[in-house]
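Just so you know, the protein sequences line up as chains C, S and G, in that order.
Per numbering that gives the first Met the number 0, the very first residue in the first sequence carries number 0; after that it's consecutive.
Per numbering that gives the first Met the number 0, the very first residue in the second sequence carries number 0; after that it's consecutive.
Per numbering that gives the first Met the number 0, the very first residue in the third sequence carries number 0; after that it's consecutive.
Worksheet for the structure shown next.
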Amino acid sequence: MRISELPIQPWARALLDYRLENQLEPHTRCKPSGGPRQFLTPYGVETAEMPDLKQIIIMDLGGPHTYRVIYMDGRPHPVDLQPTYYGHSTGKWDGDTLVIDTVGFNEKFWIDRQGTPHTEKLHMTERLTRTDYNTIKYVVTIDDPGAYTKPWTSGFNFRWTANSELFEYVCQDNNYAPDLMVGAQEFVDRTSKIVP
Amino acid sequence: MRAYLLGGLIAGVLLLAGGKAMAHHSFAAEFDANKPVKLTGTVTKVEWTNPHVWFYINVKDEKTGKVENWGAEMGPPHGLQRRGWRRETLKIGEQVTVEGSKAKNGTNRMNARSVTMTSTGGRPGETLDAASSQGGNNN
Amino acid sequence: MRHPVLGFVVMIAAASLLILPLSAHHEITAKFDPAKTTRLQGIVTYVDWANPHVHIFMNVGAGASMANWAVELESVIDLQKAKYTRDTVKPGDSLTVEGIAARDGSRQVWGNTVTLAGKRIFNVPEETVNRAPGGPTPRWPDGKPRLGPAPTTTGLAATGYWARPSMTILAENGTNIRANKNGLLANIADAPKVAPFQPWAKDLFELRQRNRLADDPQYLYCLPPGGPRQFQQPYGIQFVEDNERQRIFVLIGGGNRNYRIIYLDGRSHVGQVGGDDDNPLYYGRAVAKWNGQTLEVDTRGFNEDFWFTNGGLPHTEQLKLLEKFTRTDFDTLRYDVTIDDPGAYTRPWSTGWTLRWVGGADLPVHFCQDNRP
Chain C
0 MRISELPIQP
10 WARALLDYRL
20 ENQLEPHTRC
30 KPSGGPRQFL
40 TPYGVETAEM
50 PDLKQIIIMD
60 LGGPHTYRVI
70 YMDGRPHPVD
80 LQPTYYGHST
90 GKWDGDTLVI
100 DTVGFNEKFW
110 IDRQGTPHTE
120 KLHMTERLTR
130 TDYNTIKYVV
140 TIDDPGAYTK
150 PWTSGFNFRW
160 TANSELFEYV
170 CQDNNYAPDL
180 MVGAQEFVDR
190 TSKIVP
Chain S
0 MRAYLLGGLI
10 AGVLLLAGGK
20 AMAHHSFAAE
30 FDANKPVKLT
40 GTVTKVEWTN
50 PHVWFYINVK
60 DEKTGKVENW
70 GAEMGPPHGL
80 QRRGWRRETL
90 KIGEQVTVEG
100 SKAKNGTNRM
110 NARSVTMTST
120 GGRPGETLDA
130 ASSQGGNNN
Chain G
0 MRHPVLGFVV
10 MIAAASLLIL
20 PLSAHHEITA
30 KFDPAKTTRL
40 QGIVTYVDWA
50 NPHVHIFMNV
60 GAGASMANWA
70 VELESVIDLQ
80 KAKYTRDTVK
90 PGDSLTVEGI
100 AARDGSRQVW
110 GNTVTLAGKR
120 IFNVPEETVN
130 RAPGGPTPRW
140 PDGKPRLGPA
150 PTTTGLAATG
160 YWARPSMTIL
170 AENGTNIRAN
180 KNGLLANIAD
190 APKVAPFQPW
200 AKDLFELRQR
210 NRLADDPQYL
220 YCLPPGGPRQ
230 FQQPYGIQFV
240 EDNERQRIFV
250 LIGGGNRNYR
260 IIYLDGRSHV
270 GQVGGDDDNP
280 LYYGRAVAKW
290 NGQTLEVDTR
300 GFNEDFWFTN
310 GGLPHTEQLK
320 LLEKFTRTDF
330 DTLRYDVTID
340 DPGAYTRPWS
350 TGWTLRWVGG
360 ADLPVHFCQD
370 NRP
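Listed below in structure tokens is the structure:
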């Protein structure tokens with residue numbers, strides 16, 4: 000979706016403009032990134048569908064090299080959900096489309112590469128349909144009354160790449176991005192002495 | 000066949016279909032495409048790591064004789080291997096010429112677009128693509 | 000054992016009621032000095048509710064002498080399990096903190112006791128687990144043991160994971176070394192006994208221990224817990240057995256919440272299809288086969304940039320691991336490992352421990368890089 004078409008609140012539009020200018024995305028600093036960002040890396044994702052366990056697990060190759068769990072047992076979202084990077088996802092089949100419903104995101108990441116804003120109110124719906132062997136159509140609906148004036152929908156396609164497998168990728172191995180990234184983002188405090 | 004919607008029995012990975020979305024934004028946060036640089040020097044160190052391979056060269060200023068150490072960022076090991084690199088391709092002490100863009104923060108660092116081995120290296124005389132994140136190949 | 004009868008009674012009690020010490024995520028005494036007891040009163044300015052450790056920032060003192068201090072607490076996971084949330088304290092609240100100050104003189108304390116309006120908060124009790132007798136090992140239709148969760152009869156997703164290791168350092172079988180949750184030796188004189196070190200490796204191990212594990216790359220740089228270390232971590236691991244593709248995913252609960260793959264298709268250790276066969280890895284390359292009731296995993300191809308165990312035993316790129324997993328009952332996973340690293344040890348050596356099943360929940364969500372810039 001074009002930026003000009005986004006039903007975005009003024010504060011969020013200002014934030015988006017700032018991010019477009021500065022491009023200091025958390026993903027480059029090895030932060031996990033929920034939402035569509037998970038699928039927007041050059042290395043792609045792998046999936047483990049475990050029907051007898053009623054879970055689908057999606058693995059990132061790049062970025063944080065982590066996994067996301069989608070519960071397929073019809074459970075509701077917990078009421079006392081504490082916000083996390085990937086939120087809490089439940090899924091069900093609607094014909095040949097996998098519909099995933101997620102809430103419980105924190106605000107410490109970007110949902111896409113350009114920095115489209117979101118808040119903890121985000122309720123995301125993803126629809127995945129494998130239209131042919133090599134293609135999955137991905138449609139995402141962003142319902143976030145904290146940043147937008149109404150829900151909006153966007154999407155892209157996944158391409159199946161045969162003859163490739165997951166490889167190890169550790170973002171923290173030797174990442175100079177925290178030193179190199181320049182911009183006016185004051186709250187990225189590189190002087191903090193707080194080391195766990 | 001619903002069980003195989005997302006994956007499949009044949010080895011494979013789901014990738015984003017190509018397009019503009021692949022542009023690698025953090026290149027612009029770290030390097031300046033308007034500050035091209037071309038350096039020749041001797042390799043002092045190679046860091047064959049994710050998310051980016053880095054190597055360092057001593058560059059001698061011909062006029063002053065002063066030697067400065069520069070760091071050059073390439074793509075990840077996985078991307079480089081597809082372009083003919085191995086972990087041992089760059090050897091300490093060999094002479095290379097690196098072309099790319101300077102770091103925005105003014106330090107002696109650059110993003111490499113290509114590397115030419117000029118001396119007794121793994122691939123003498125060859126120029127290899129550095130799998131640069133500029134123009135969006137990788138993460 | 001001055002009172003044999005009492006000692007006997009204590010042992011019986013321990014068998015049925017397992018008390019688990021608090022799991023700190025770095026060795027507290029590496030950063031904080033137990034001798035520097037400190038008492039502070041302050042007004043909260045900021046709450047950084049993040050893993051691996053929550054920090055409460057508060058202004059202490061008034062006027063020209065006012066200074067901002069950081070109070071370090073347990074992880075988000077442990078605090079939330081004890082029913083605290085990021086709203087438990089808010090900026091403007093007045094807190095009293097008793098703790099120990101940072102070794103480097105910075106304005107940080109480890110908060111042993113935190114009091115708000117006269118009431119103690121952020122108190123994370125030691126975990127008590129009732130060890131009910133385990134049911135039988137769950138199995139696949141072909142009779143092989145299930146290492147991961149088993150399908151439920153309730154229609155709910157199968158959840159559960161392995162945690163609560165019975166040993167938290169890597170020490171050779173029969174050495175009976177005592178160490179804390181992070182692998183810090185109770186007695187530094189035990190260091191040479193831990194494993195058949197080569198002299199340089201023994202010296203390095205002792206140095207790491209004497210530094211109280213402060214140099215641990217997992218906590219300094221969020222580098223992964225490759226090797227046996229992932230099986231000694233407080234937030235556990237889970238197996239996802241993808242039989243059709245002949246592979247097992249190991250999901251790791253702590254550290255960076257990574258996954259890794261164990262292949263069961265008999266491939267040689269040359270890396271993945273289209274992958275990085277040239278590169279020594281944090282998790283190595285793992286190929287496994289079933290031997291009766293035991294999964295035997297052969298892993299090699301490690302780099303040297305991480306600690307492969309709690310406590311900092313060294314290893315080199317020559318390291319090969321042979322790990323054996325046996326689910327002896329529903330709740331118990333027996334883990335045995337042989338370390339074969341002629342670069343650091345004078346011979347192969349073996350050790351092992353058990354992990355306990357944690358049912359009804361999936362791995363806690365922990366990202367080491369949560370509170371990094």
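Using N, Cα and C, we set each Cβ at its ideal position, and we do this for glycine too.
Collapsing the DSSP output to three states places Ile27/G in a helix. Per the coordinates, the alpha-carbon of Val169/C lies some 9 angstroms from the alpha-carbon of Thr48/S. Across the set Arg112/C, Phe104/C and His87/C, the C-alpha of Arg112/C shows the shortest separation from the C-alpha of Phe38/C. For Tyr70/C, the chain G residues whose C-beta falls within less than 8 angstroms of its own C-beta are Ala156, listed in chain order. Asp304/G and Gly142/G have their C-alpha atoms roughly 40 angstroms apart. Pairing Pro35/C with Thr124/C, the inter-Cα distance amounts to about 10 angstroms. Closest in alpha carbon position to Gly154/G, among Met71/C, Arg67/C, Asn105/C and Gly114/C, is Met71/C.
Phe230/G carries a helical assignment under DSSP once its states are collapsed to helix, strand and coil. By the rule that beta-carbons nearer than 7 angstroms mark a contact, Leu52/C touches chain G. Distance from the Cα of Arg86/S is smallest, within the candidate group Pro75/S, Gly92/S, Thr96/S and Val95/S, for Pro75/S.
With respect to the C-alpha of Phe108/C, the residue from Arg12/C, Ser88/C, Val102/C and Pro25/C having the closest C-alpha is Pro25/C. Counted as a single uninterrupted DSSP element, the stretch harbouring Gln171/C is not any beta strand (DSSP E), since DSSP gives it neither H nor E.
Shown here for Arg158/C: same chain residues with a beta carbon closer than 7 angstroms to its own, the five before and five after excluded, namely Asn133 and Thr134 in chain order. Taking the beta carbon of Thr65/C as reference, the chain G residues within 8 angstroms of it are Asn255, Arg256, Asn257, Tyr258 and Phe366, listed in sequence order. An exposed status is given to Glu4/C, since fewer than 16 other beta-carbon atoms sit within 10 Å of its beta-carbon. Excluding sequence positions up to five before and after Leu250/G, its CB lies within less than 7 angstroms of the CB of Ile236, Gln237, Val239, Tyr258 and Leu362, all in the same chain and listed in chain order.
Along the stretch 45 to 57 of chain S, going in chain order, the ones with a CB nearer than 8 angstroms to a CB of chain G are Trp47. No Cβ of chain S is located within less than 7 angstroms of the beta carbon of Val138/C. For a Cβ distance threshold of 8 angstroms, residue set Gln81 of chain C lies close to Thr84/G, ordered along the chain. Tyr344/G: not part of any beta strand (DSSP E); DSSP gives it neither H nor E. The beta carbons of Ser93/G and Ile42/G sit closer together than 7 angstroms.
Residue-level contact check: Ser25/S touches chain C, since one or more beta carbons of chain C fall below 7 angstroms from its beta carbon. In the DSSP assignment, Asp339/G falls within the unbroken beta strand (DSSP E) covering Thr331 to Asp339. At a cut-off of 7 angstroms between C-beta atoms, Asn278/G counts as an interface residue with respect to chain S. In the three-state DSSP reduction, Ile2/C falls in the helix class (H, G or I). Note on Lys180/G: 16 or more other CB atoms within 10 angstroms of its CB, so buried under the neighbour-count rule.
Residue range Gln94 to Ala102 is occupied by the beta strand (DSSP E) that includes Val97/S, with no alpha helix (DSSP H) assigned at that position.
Between Leu146/G and Gly110/G a beta carbon distance of about 39 angstroms is seen, past the 8 angstroms cut, so the two are scored as non-contacting.
In this structure, the beta-carbon distance from Cys221/G to Gln107/G does not fall below 7 angstroms. Closer than 7 angstroms to the CB of Pro76/S there is at least one CB belonging to chain G.
Here Ser74/G has His24, Asn50, Pro51, His52, Val53 and His365 as same chain residues with Cβ atoms under 8 angstroms from its own Cβ, once five neighbours each way along the sequence are excluded.
Contact between the stretch 180 to 198 of chain G and the stretch 298 to 312 of chain G is present, with at least three C-beta pairs closer than 8 angstroms.
Secondary structure remark: continuous beta strand (DSSP E) runs of at least 3 residues inside the stretch 105 to 135 of chain C, in chain order: 122 to 131. For Lys80/G, the enclosing alpha helix (DSSP H) has its first and last residue at Val75 to Lys80. A residue is called buried when at least 16 other Cβ atoms come within 10 angstroms of its Cβ; Ser64/G does not meet this threshold and is exposed.
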